[in-house]
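Read through the structure below, which is laid out as structure tokens, and then see the notes.
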Amino acid sequence: MSEPVETQVYWRDPRVHERIDEIERAVAKQNKQKDKGKGPMVTELPPQANVQKKRGSGITIREPTPMQEDSVTPHGDKLGRGHREKKPAITLHSPFIGRMVNVNEKISRDEDNVCDWIYTIRGTGSELYFAWRDVKVMRSEFESFSDGYHIKPFVVDAWSVVLNHRENLRSPQSPLRFYCTTVISSKCLLRRGKSTVQMDNEFNRNIDIDLRRFSHVKLLEIDMMFIPVLIEKHYYLIVFDLKTPCMELLDNNASSTSFARYNLWLETLWKSMVNFLKSRKHPKADLMLAVKPRVVLCPWKTKENLVDSGIYCMRHMEVYVGSWGESKWKEKLARDTTVKAENQLERLRAKYLFNIIMFEKNMVIMKVKEDCIAYSSKTLEEKNKFTEDEYALHRKRLEDALKDKTD
1 MSEPVETQVY WRDPRVHERI DEIERAVAKQ NKQKDKGKGP MVTELPPQAN VQKKRGSGIT
61 IREPTPMQED SVTPHGDKLG RGHREKKPAI TLHSPFIGRM VNVNEKISRD EDNVCDWIYT
121 IRGTGSELYF AWRDVKVMRS EFESFSDGYH IKPFVVDAWS VVLNHRENLR SPQSPLRFYC
181 TTVISSKCLL RRGKSTVQMD NEFNRNIDID LRRFSHVKLL EIDMMFIPVL IEKHYYLIVF
241 DLKTPCMELL DNNASSTSFA RYNLWLETLW KSMVNFLKSR KHPKADLMLA VKPRVVLCPW
301 KTKENLVDSG IYCMRHMEVY VGSWGESKWK EKLARDTTVK AENQLERLRA KYLFNIIMFE
361 KNMVIMKVKE DCIAYSSKTL EEKNKFTEDE YALHRKRLED ALKDKTD
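The numbering of the sequence shown is the UniProt record's numbering, which starts it at 1 and goes up by one.
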């Protein structure tokens, strides 16, 4: 009498039916392949494992042998080499993938919500809303995207991080562009009694830090290196073409048609780059020493705009490809003093803010989304409610920004 009871318990167990379904699917699949001439006919499925395990009264289920715990180390192999960084599939490397911000596209609802949330009179301004490794941006620095204010250098550094990640999606024909942070130029160009050797060492140390953030990028593979420069509240962009050696300067200021106004700091940066390439035994180091720097001419240079140099610099970083394309610019801007130019700059401020703060690799992206959604869900009356301390801190931040604008 025990046999029927054991059989009934066996067939009532759902795991038995799952195993039977699995066997039937496997046999059907392989028989189908046999009909197409792709494989042998399978009449019997080999046992799944040799482990026998009792479960309940009269139930025997076969299970796979568990993997040894020390077969894979969680942070790289036993030699300490670490895991290889994953790269997008080659099918994603396409010239048709939109990596650039569309300057002619209207500000979306999501972008408008993010701007409304960042510019509101709430919080202390010290909230961390962007973090990727050691590159961090606080709310007060994101507020510099508001119209009429100078862009903070930490924001440009975060933009460099975003652009370096987007380079993984470039087409095979596109040059590999590497974007440095503003720290490189600020540490190198601030002499303060430092000798040439000391400045070169400072330059090398900081550029190595930027390269180590993206360990999968090798110096010899880089085609173009972009270095944003901030001097006296004005942004410039220096581009070193490492494959066909040349040095170019991009500036939205219409008065910059020669190197007379850049002579001192530009020569310092140029020599530091040459010495860095020599110290790394780069094959084009000597050729870079012989190049003649030049100013890149663009039709949207400005005459009286003194606050948007940061936005122009970020745009130049995004779209400039030098001699690697049919046109040096992947997308052009409108000429200065036109309504279209003003609209484009307003859109770029909103879209760059959104692209940085909502960057998928932002380590605090969940907090960003939670805070933004919480604010957007409030009524207009609730949004206009804030404490006296929040108002005082916001007013101080605006006063500091205005002072920075007029100094």
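Note that the Cβ used here is the ideal one computed from N, Cα and C, for glycine as well. What you are looking at is a predicted structure, and each value in this text was computed from that prediction instead of being measured.
For residue i, which residues in the same chain have their Cβ closer than 8 Å to its Cβ, ignoring the five residues on either side in sequence?
i	result
Glu143	Ile118, Tyr119, Gly125, Tyr149, Arg397 and Ala401
Leu353	Glu111, Val114, Cys115, Ile118, Phe142 and Phe145
Pro95	Its pLDDT being 44, under 50, Pro95 is placed unreliably in this model, and the coordinates cannot settle the point.
Lys32	none
Arg81	Because the pLDDT of Arg81 is 42, which lies under 50, any placement of that residue in the model is unreliable, and the number read from its coordinates should be weighed accordingly. Here the set comprises nothing.
Cys372	Asn113, Val114 and Trp117
Lys284	Leu242, Lys243, Pro245 and Leu277
Lys136	Leu128, Phe130 and Phe154
Leu287	Pro245
My guess is that residue i and residue j are in contact by the Cβ rule of under 8 Å, so how many angstroms apart are they, rounded?
i	j	result
Val114	Ile357	6 Å
Leu242	Val296	About 17 Å separates the two Cβ atoms, so there is no contact after all.
Lys351	Val101	5 Å
Arg211	His282	A small correction: the amino acid at residue 211 is Leu; Arg does not occupy that position in the sequence shown. Leu211 to His282, Cβ: 12 Å. No contact.
Glu381	Asp147	About 25 Å; that fails the 8 Å criterion.
Let me check one thing: in DSSP terms, what residues is residue i bridge-paired to?
i	result
Thr302	Asn253
Val239	Phe226 and Glu248
Arg177	Met224
His234	Ile231
Val295	Leu249
Using CA atoms only, rank isn't needed, just tell me which of the options is closest to residue i.
i	options	result
Arg349	Cys313, Lys378, Ser376 and Lys367	Cys313
His216	Phe178, Leu249, Val291 and Lys194	Phe178
Val155	Phe130, Ser171 and Pro172	Phe130
Ser377	Lys29, Glu22 and Asp110	Asp110
Glu304	Leu163, His234, Gln198 and Asp223	His234
Cys298	Ala254, Pro228, Ile311 and Leu289	Ala254
Val103	His316, Gln344, Tyr391 and Lys369	Gln344
Thr181	Leu380, Met317, Ile107 and Asp389	Met317
Tyr262	Pro283, Arg280 and Tyr236	Tyr236
Ile222	Trp159, Phe240 and Ser160	Phe240
Ile151	Ile107, Ala392, Val307 and Met224	Val307
Glu390	Met225, Gly310, Glu232 and Ile121	Ile121
Asp208	Arg280, Arg166, Leu287 and Glu232	Arg280
Ile311	Phe214, Val135, Glu382 and Leu230	Leu230
Leu128	Arg25, Lys369 and Arg395	Lys369
Pro293	Trp265, Lys278 and Trp300	Trp265
Arg166	Val137, Phe214, Thr302 and Met138	Phe214
Val197	Asp134, Leu163, Arg139 and Thr268	Thr268
Asn164	Lys194, Asp286 and Met225	Met225
Arg139	Asp147, Pro153 and Gly123	Gly123
Pro153	Pro228, Glu342 and Leu287	Pro228
Val339	Phe359, Ser323, Asn355 and Trp300	Trp300
Going along the chain, which residues of its own chain have a beta-carbon closer than 6 Å to the beta-carbon of residue i, five neighbours each way excluded?
i	result
Ile20	none
Ser272	Cys188, Asp200 and Phe203
Met366	none
Asp251	Tyr236
Lys383	none
Val72	Because Val72 sits at a pLDDT of 35, beneath the cut-off of 50, its placement in the model cannot be relied upon, and the following sentence gives the value as read from the coordinates. Result list for Val72: empty, nothing under 6 Å.
Tyr375	Trp117
His394	Ile121
Thr387	none
Phe359	Val162
Once you ignore the five residues that flank residue i on each side, which residues in its own chain have a CB closer than 7 Å to its CB?
i	result
Cys246	Val291
Trp132	Val161, Lys361, Asn362 and Met363
Trp270	Met247 and Pro293
Asn206	Val183, Ile184 and Lys187
Phe158	It should be noted that the sequence gives Ala, not Phe, for residue 158. Excluding residues within five positions, the ones whose Cβ falls inside 7 Å are Phe130, Val135, Val137 and Ile356.
Report yes or no: is there a C-beta of chain D within less than 8 Å of the C-beta of residue i?
i	result
Cys372	Judged by its chain identifiers, the structure shown contains no chain D, having just a single protein chain.
Measuring from the CB of residue i, is there a heavy atom of the ligand NAD at a distance below 7 Å?
i	result
Lys351	As far as ligands go, the structure on display features none, and thus does not contain the ligand NAD.
Secondary structure, beta strand (DSSP E): runs of 3+ residues fully inside the stretch 119 to 154: 128 to 132 and 135 to 138
Let me know the beta strand (DSSP E) ranges lying completely inside the stretch 326 to 399, each 3 residues or longer, listed in chain order. Runs of the beta strand (DSSP E) inside the stretch 326 to 399: none found.
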